[in-house]
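Remarks on the structure that follows.
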Amino acid sequence: MIKKGEAGFATKKLRRSFHREIIYDIISSTDIHPTAEWIYEKAKKVIPTISLGTVYRNINILKEEGRIIEIVDDKEGRFDAKTYKHYHFKCSSCGNIYDIENPDVIQVNKEIFSNRGFKLEGCDVVFNGICNRCGDREN
Ligand SMILES: [Zn+2]
Ligand SMILES: [Zn+2]
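When you number the sequence shown by the numbering used here, it's gap-free, plus one each residue, and the end is 764.
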């Protein structure tokens, strides 16, 4: 027999993971590397009662679980469901961030680091420019 408290807890837990999956779907279904605010606007269409706090909380859990990554941006956090190594291109007109999939786009000479006794662990690169959507608008 399930006690009242236990059933309530189970329902809450289910609702929490449901919210999390909705948020994950939103992040993984776009290529613009959305902000938390953008994710919140989309999530509200599915779950009208959801709060921005809930969105932030679930984003943090998804990050902890390694299912999404946060991209370094000067203004605000941008989120990416592609967790493998890739590079980014940021449009200075619309602010969208796009994936650059070719991992050979930058050749890092590892000796530059090892010669100085530095242990190279990774490299965050963001290319800047105007994206195709914005370029089309100007022409
Ligand atoms: Zn653009
Ligand atoms: Zn990306």
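Just so you know, even glycine gets a beta-carbon here, dropped at the ideal spot from N, CA and C. Just so we're clear, the structure is a prediction, and the values are computed from it rather than from any experiment.
- Item | TYR712 - DSSP class collapsed to helix/strand/coil | Under the three-state reduction of DSSP, TYR712 is assigned to strand.
- Which whole-angstrom value is the C-beta distance of ILE696 and HIS658, which I expect to be below 8 Å? 6 Å
- Three-way DSSP call (helix, strand, coil) for GLU701 in this model: coil
- Query: Opposite PHE752 in the DSSP bridges: which residues?
  - Reply: PHE714
- If you draw a straight line from the alpha carbon of GLY691 to that of TYR649, how long is it in whole angstroms? Cα-Cα distance, rounded: 12 Å.
- Kindly indicate which three-state DSSP category ASP724 falls into: helix, strand or coil? strand
- With DSSP as the reference, please indicate the residues paired to ILE694 in a beta bridge. ASP705
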